[in-house]
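Chains as they are written, first to last, in our numbering: chain W, 7 to 231; chain Z, 79 to 342.
Even glycine gets a Cβ: it sits at the ideal position worked out from N, Cα and C.
Here the structure is a predicted model, which is why all the values come from computation and not from measurement.
I have placed the structure first, in the form of structure tokens, so that the comments after it can refer back to it.
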Amino acid sequence: MRELLPISLLGGVLGLDVVCFPQMMVSRPLVAATLAGAFVGDATTGVLLGATLELIALATLPFGASRYPEWGSSAVVGGAIAAALHTDRAGALTVGVLAALATAWISGWTLVKLRQWNAWLARRKRPALDAGSRGAVIGLQLAGLTADLIRAALLTAVAYGLIFPVANAIVGVWSFGDQLSRAVVVTIASAVAASAAWTIFHSARYARWYFASGLAIGLLLLFAR
Amino acid sequence: MSTATAPRSAPAPASTPRVSPWTWLTVFSRLLAIQGSWNYETLIGNGVGFCLEPLLRSLPGGVHGPAFKAAMTRESAYFNAHPYLASVAVGALARAELSGVPPERIERFRTALCGPLGSVGDQLVWAGWLPFSSLVALTAFGLGARPVAVILTFLLLYNAGHLALRVWGLHVGWTRGLGVASALGNPVLRRGPAHVARAAAAAAGIAIPLTAARVLNGGAIPLALVLAGGALTAVMLVRLHGRVEGWKLALVLIALFALISVAR
Chain W
7 MRELLPISLL GGVLGLDVVC FPQMMVSRPL VAATLAGAFV GDATTGVLLG ATLELIALAT
67 LPFGASRYPE WGSSAVVGGA IAAALHTDRA GALTVGVLAA LATAWISGWT LVKLRQWNAW
127 LARRKRPALD AGSRGAVIGL QLAGLTADLI RAALLTAVAY GLIFPVANAI VGVWSFGDQL
187 SRAVVVTIAS AVAASAAWTI FHSARYARWY FASGLAIGLL LLFAR
Chain Z
79 MSTATAPRSA PAPASTPRVS PWTWLTVFSR LLAIQGSWNY ETLIGNGVGF CLEPLLRSLP
139 GGVHGPAFKA AMTRESAYFN AHPYLASVAV GALARAELSG VPPERIERFR TALCGPLGSV
199 GDQLVWAGWL PFSSLVALTA FGLGARPVAV ILTFLLLYNA GHLALRVWGL HVGWTRGLGV
259 ASALGNPVLR RGPAHVARAA AAAAGIAIPL TAARVLNGGA IPLALVLAGG ALTAVMLVRL
319 HGRVEGWKLA LVLIALFALI SVAR
């Protein structure tokens with residue numbers, strides 16, 4: 007558990023990136039899980055988990071006030087757990103993805119709570135804001151940024167601290183083979199990605215033909231290897 | 079493409095107020111934190127005030143003057159826009175405030191900007207550029223790229239578009255002021271989302287099988303079964319018309335699989 011502090015800080019910084027600062031999408035699962043894996047000493051496992059999670063994350067678009075999973079800290083939790091368990095153990099990737107998705111569920115809820123807290127704080131500062139106080143405007147912004155950083159770091163610490171021992175125990179008694187375990191996870195992830203692609207792009211003219219052409223190229227590349 | 083109505087065009091103010099490069103740098107860095115206090119009541123309103131504050135300091139009387147305080151009150155009220163395209167609003171509102179445009183006209187303009195800047199940005203970025211960049215990076219992953227190359231592919235591609243959009247928005251807002259509506263008719267904003275959507279659809283077709291193959295790391299028959307199973311499940315998900323969220327279904331199915339693996 008020596009990695010708990012650096013992982014929590016990473017989760018805090020990447021969780022902050024999702025909405026508040028700087029939204030450069032270092033919080034996307036592909037990046038966040040790879041970085042978390044690298045922190046634990048296994049970036050290759052991190053990127054494997056990140057790619058699987060990225061397929062699933064394609065289905066969630068961060069539209070304004072809608073509730074969506076906060077992938078930054080959850081991908082850090084999943085990437086770090088999978089990397090710490092090592093993917094050569096059957097079930098490690100599956101359990102890592104499961105840990106990330108469970109954390110994502112909670113993280114979406116914490117974002118809602120943070121936004122409610124921001125609104126409460128803004129109401130309290132209403133007289134100062136109405137008087138045109140620059141201190142109130144800047145203070146509100148800094149309070150929101152700080153709270154989000156703390157939220158994401160705490161969430162990462164709690165999730166990693168609670169889930170890692172359970173994940174380790176689950177992988178210890180995992181009964182399916184590695185190939186089957188990966189196949190199930192990647193089937194589900196591919197299905198979510200394909201349905202998300204359809205939902206997002208089908209309204210664009212000829213998009214289905216572009217998808218079919220891309221699929222043909224993808225399959226050809228696979229066949230050629 | 080957005081169906082929202084763009085605010086009506088108005089001529090840009092004649093004289094351009096002088097702003098130092100340092101102030102622009104400060105405004106741009108604040109734009110990266112525009113959603114810092116996002117909430118369900120004023121949305122990014124406070125963020126807009128936060129970004130404009132360095133520019134408003136040059137109003138007559140400085141930060142303690144009535145002009146500054148009135149402008150801060152106005153600009154920190156409710157505002158909704160895509161966070162990247164909010165730079166258009168920040169530039170245009172700064173120009174209007176520093177050019178002495180009447181407050182009631184600024185408020186009307188501010189209200190009119192909300193709709194277009196939200197819907198265009200959502201389509202162009204969240205439903206276009208972001209998934210496209212992800213899928214290109216997943217293609218690199220599927221072709222065997224190393225972890226560093228995969229994340230650099232994503233971050234460089236995505237942020238080239240992201241930062242360019244923010245810089246363009248601030249520039250066009252500032253130079254056109256209340257006449258910024260014509261800039262929202264830019265071909266990139268009007269036709270861009272459809273082009274990006276088609277490119278992303280093609281990228282999805284390439285990336286999904288390649289990514290599945292690399293994660294699976296198995297033979298041709300297991301991969302064929304995975305792709306067939308994935309296609310069937312995807313059709314089922316599409317037919318559910320959004321009644322089930324994909325990521326939640328993934329959570330439930332993987333949890334069940336883990337439970338069976340542990341219990342049997």
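How should residue i be labelled, buried or exposed, when 16 other C-beta atoms within 10 angstroms of its C-beta is the threshold for buried?
i	result
residue 133 (chain W)	exposed
residue 97 (chain W)	buried
residue 206 (chain W)	buried
residue 152 (chain W)	exposed
residue 222 (chain W)	exposed
residue 118 (chain Z)	exposed
residue 328 (chain Z)	buried
residue 12 (chain W)	exposed
residue 247 (chain Z)	buried
residue 251 (chain Z)	buried
residue 211 (chain W)	exposed
residue 133 (chain Z)	buried
residue 40 (chain W)	buried
residue 131 (chain W)	buried
residue 166 (chain Z)	buried
residue 260 (chain Z)	exposed
Can you give me the Cβ contacts of residue i inside the same chain, cut-off strictly under 7 Å, excluding the 5 residues immediately before and after it?
i	result
residue 105 (chain W)	83, 84, 87, 169 and 173
residue 312 (chain Z)	none
residue 149 (chain W)	127
residue 232 (chain Z)	211, 212 and 215
residue 139 (chain Z)	145 and 146
residue 44 (chain W)	52
residue 287 (chain Z)	305
How far does the alpha helix (DSSP H) with residue i in it reach, from first residue to last?
i	result
residue 130 (chain W)	98-130
residue 170 (chain W)	140-178
residue 243 (chain W)	What is shown of chain W runs 7 to 231, which leaves residue 243 (chain W) out entirely.
residue 204 (chain W)	184-207
residue 192 (chain Z)	181-199
residue 250 (chain Z)	225-254
residue 43 (chain W)	35-46
residue 131 (chain Z)	123-134
residue 102 (chain Z)	99-109
residue 308 (chain Z)	298-317
residue 60 (chain W)	49-63
residue 73 (chain W)	Segment: none, residue 73 (chain W) is in no alpha helix (DSSP H) and carries neither H nor E.
Could you check whether the Cβ of residue i sits closer than 7 Å to any Cβ belonging to chain W?
i	result
residue 104 (chain Z)	no
residue 337 (chain Z)	no
residue 184 (chain Z)	no
residue 244 (chain Z)	no
residue 302 (chain Z)	no
residue 156 (chain Z)	no
residue 188 (chain Z)	no
residue 228 (chain Z)	yes
residue 83 (chain Z)	Interpretation of residue 83 (chain Z) is limited by its pLDDT of 42, a score under 50 that renders its predicted location unreliable; the figure taken from the coordinates is listed afterwards. Not closer than 7 Å to any Cβ of chain W, the Cβ of residue 83 (chain Z) fails to qualify, so no.
Closer than 8 Å by C-beta to residue i: which residues in its own chain qualify, once you throw out the five before and the five after it? Chain order, please.
i	result
residue 122 (chain Z)	112, 113, 116, 157, 158, 159, 161 and 164
residue 223 (chain Z)	231
residue 93 (chain Z)	177
residue 191 (chain W)	58, 99, 100 and 103
residue 118 (chain W)	73
Does the beta carbon of residue i come closer than 7 Å to any beta carbon on chain Z?
i	result
residue 121 (chain W)	yes
residue 62 (chain W)	yes
residue 31 (chain W)	yes
residue 174 (chain W)	no
residue 90 (chain W)	no
residue 197 (chain W)	yes
residue 26 (chain W)	yes
With hydrogens ignored, establish whether the beta-carbon of residue i is closer than 6 Å to any heavy atom of the ligand FAD.
i	result
residue 119 (chain Z)	The model depicted lacks the ligand FAD and carries no ligand whatsoever.
Who are the near neighbours of residue i in its chain, counting only those whose CB is closer than 6 Å to its CB and skipping five residues on each side?
i	result
residue 78 (chain W)	20, 21, 23, 24, 33 and 38
residue 176 (chain Z)	95
residue 209 (chain Z)	278
Next on the checklist: Three Cβ pairs or more, each shorter than 8 Å: is that satisfied between the region 63-83 of chain W and the region 260-277 of chain Z?
Outcome noted: Counting Cβ pairs under 8 Å, fewer than three are found: no touch.
Taking contact to mean at least 3 C-beta pairs separated by less than 8 Å, is the region 168-181 of chain Z in contact with the region 262-272 of chain Z? In short, these stretches do not touch, since the Cβ pair count stays below three.
Open item on the list: If contact is defined by three or more beta carbon pairs under 8 Å, each pair taking one atom from either stretch, is the region 136-145 of chain W in contact with the region 145-155 of chain Z?
Closed with: At 8 Å Cβ cutoff, the stretches touch.
- Item | Sufficient close CB pairs (3 or more, under 8 Å) joining the region 97-107 of chain Z to the region 319-333 of chain Z | The region 97-107 of chain Z is not in contact with the region 319-333 of chain Z.
Note to self: Count Cβ pairs between the region 196-204 of chain W and the region 289-308 of chain Z that sit closer than 8 Å; are there 3 or more?
What the structure shows: These segments touch.
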